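Residue numbers (the numbering used here), protein chains in the order written: chain W, 693 to 854; chain S, 958 to 1118.
This is the structure in structure tokens:
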């Protein structure tokens, strides 16, 4: 049986992805002993923390709208909740502390970070289907663009560390 | 300093991804008859995407073919460069060859989900790199269809597990 999600739950997953991303990068910063890479990871962590706040605000607005309307808008928003159920595979994987145990090589950590960024790009594309306001779609597009920027930064570091 | 990509080159990469996708699904269908119907259906869908990209490429005007994509802050170019150099995105690799070490339908479905994910990640960059006139909306439609493929593959995976 497929478990489906409503818009509120989907935003909660998005927040969790970003929280995990922040934790992942903070942990990665601890594992790299050179200031350049540590600073890069801390910068990425800060970026993800801001994304989490954006998603939290969008979720809050969604819940306020629901309270004002007799029928919850979140239910009307869903084109097909199974889509998000299918994409949830890219949502929460494992907790960063389990993922980064300190025995991986630098390149392993960087590659893992790239994979996480790819997962989030796909998940957020699905998330866009759960919002109707153009302004909200644009906010999600901006976050997708920033995740793409993270891939460029991580790729640069991968080249330097290989 | 690398030469910036133009729209023609970007669409060529997209066509290559779809060709790889079709080839992978057909080879996988041959190897795993128990999921062959689904895989062959997906191969046909990737054929259609390849044709869509080929049509978009054919319709580019002379100026659009030669000029670098519109990218005031250079971000799209940097992203495309990352994808093209095969470091974190392996566009040029033949996915059918990777089937050699896959022994179960579950493994091949997981691999397919990963390949679909990577194509979406590429098209996210492609969308930013093409103009409205060159078909930005069509790229968004293809992204949605690839997301649909992930849903189908994931559903099948759950049925098998």
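C-beta atoms are modelled at their ideal positions from N, C-alpha and C, and glycine is treated no differently.
It should be emphasised that the depicted structure is a prediction, and the values quoted were computed from it without experimental measurement.
If we ignore side chains and look at the alpha-carbon of each, how far apart do residue 983 of chain S and residue 854 of chain W end up?
-> About 35 Å.
Give the residues of chain W in contact with residue 1044 of chain S, contact being defined as C-beta atoms less than 8 Å apart.
-> 847, 850 and 851, listed in chain order.
8 Å Cβ cut-off: residues of chain W touching residue 1092 of chain S = Under the 8 Å cutoff, chain W gives no residues; its nearest Cβ is about 17 Å from residue 1092 of chain S.
Is the number of C-beta pairs between the stretch 991-1000 of chain S and the stretch 829-841 of chain W that are closer than 8 Å three or more?
-> Touching, no.
Are the C-beta of residue 1096 of chain S and some C-beta of chain W separated by less than 8 Å?
-> For residue 1096 of chain S, not one C-beta of chain W is nearer than 8 Å to its own C-beta.
Examine chain S for any beta-carbon lying closer than 8 Å to the beta-carbon of residue 711 of chain W, and answer yes or no.
-> No, residue 711 of chain W lies away from the interface with chain S (no Cβ there is under 8 Å from its Cβ).
Please report how far the alpha carbon of residue 1061 of chain S lies from the alpha carbon of residue 847 of chain W, in whole angstroms.
-> Here the C-alpha atom of residue 1061 of chain S lies approximately 32 Å from the C-alpha atom of residue 847 of chain W.
By how many angstroms is the C-alpha of residue 1112 of chain S removed from the C-alpha of residue 1028 of chain S?
-> Approximately 38 Å between the Cα atoms of the pair.
Quick one: using the 10 Å Cβ neighbour count with 16 as the cut-off for buried, is residue 979 of chain S buried or exposed?
-> Buried.
Buried or exposed: where does residue 962 of chain S fall if 16 or more other Cβ atoms within 10 Å of its Cβ makes it buried?
-> Label assigned to residue 962 of chain S: buried.
What three-state label does DSSP hand residue 1017 of chain S in the structure shown?
-> DSSP places residue 1017 of chain S in the coil class of the three-state scheme, outside both helix and strand.
Simplified DSSP state of residue 806 of chain W, which is helix, strand or coil = Helix at residue 806 of chain W.
Would you mind sorting residue 1091 of chain S into buried or exposed? The rule is 16 or more other CB atoms within 10 Å of its CB.
-> Under this definition residue 1091 of chain S is a buried residue.
Check the Cβ-Cβ distances between residue 762 of chain W and every residue of chain S, and say whether any is below 8 Å.
-> Confidence at residue 762 of chain W is low in this model, with a pLDDT of 45, below 50, so the placement of that residue is unreliable and no value is reported for it.
Leaving out five residues before and five after residue 718 of chain W in sequence, what residues of the same chain have Cβ atoms less than 6 Å from its Cβ?
-> Its chain contains 737 as the residues whose beta carbon lies nearer than 6 Å to that of residue 718 of chain W, once the 5 sequence neighbours on both sides are disregarded; these appear in chain order.
Any beta-carbon of chain S closer than 8 Å to the one on residue 779 of chain W?
-> Cβ-Cβ to chain S under 8 Å: yes for residue 779 of chain W.
Mind checking if residue 1031 of chain S is an interface residue toward chain W, Cβ cutoff 8 Å exclusive?
-> Under the Cβ distance rule, residue 1031 of chain S does not count among the residues neighbouring chain W, no pair being separated by less than 8 Å.
The alpha helix (DSSP H) enclosing residue 848 of chain W, as first and last residue numbers | From DSSP, the alpha helix (DSSP H) with residue 848 of chain W extends over 826-853.
Return the chain-ordered list of same chain residues with a C-beta closer than 6 Å to the C-beta of residue 1089 of chain S, the five sequence neighbours on each side being excluded.
-> In its chain, beyond the 5 residues on either side, no residue has a beta carbon closer than 6 Å to the beta carbon of residue 1089 of chain S.
Beta-carbon spacing of residue 819 of chain W, residue 706 of chain W below 8 Å = Here residue 819 of chain W is near residue 706 of chain W, since their CB atoms are less than 8 Å apart.
Alpha-carbon spacing of residue 972 of chain S relative to residue 755 of chain W, whole angstroms = Answer to the nearest angstrom: the Cα atoms are 42 Å apart.
Determine, using beta carbons only, whether residue 1080 of chain S and residue 840 of chain W come nearer to each other than 8 Å.
-> In this structure, residue 840 of chain W does not lie closer than 8 Å to residue 1080 of chain S by Cβ.
When Cβ atoms are compared, which residues of the stretch 732-747 of chain W fall closer than 8 Å to chain S?
-> Against chain S - using a Cβ distance shorter than 8 Å - the stretch 732-747 of chain W contributes no residues.
On the three-state DSSP scale, how would you describe residue 1117 of chain S?
-> Reduced to three states, the DSSP call for residue 1117 of chain S is helix.
Where does residue 1061 of chain S sit, in a helix, a strand or coil, going by DSSP?
-> Here residue 1061 of chain S sits in coil by DSSP.
Please name the residue in S:964, S:1085 and S:1066 whose C-alpha comes closest to that of residue 997 of chain S.
-> When C-alpha distances from residue 997 of chain S are compared across S:964, S:1085 and S:1066, the shortest belongs to S:1066.
So with Cβ pairs under 8 Å, would you call residue 750 of chain W a contact of chain S?
-> It does not: the Cβ of residue 750 of chain W has no partner Cβ on chain S nearer than 8 Å.
Nonlocal neighbours in the same chain, by C-beta distance under 6 Å from residue 977 of chain S, ignoring five residues either side | Cβ within range, chain order: 1052.
What separation, rounded to the nearest whole angstrom, lies between the Cα atoms of residue 810 of chain W and residue 842 of chain W?
-> The straight-line gap from Cα to Cα measures roughly 10 Å.
Do we get a CB-CB distance below 8 Å when we pair residue 766 of chain W with the residues of chain S?
-> Any answer about residue 766 of chain W is weak, because its pLDDT of 47 lies below 50 and its placement is not dependable; what the coordinates show is given next. Not closer than 8 Å to any Cβ of chain S, the Cβ of residue 766 of chain W fails to qualify, so no.
For residue 1036 of chain S and chain W, any beta-carbon pair shorter than 8 Å?
-> Residue 1036 of chain S has a beta carbon lying within less than 8 Å of a beta carbon in chain W.
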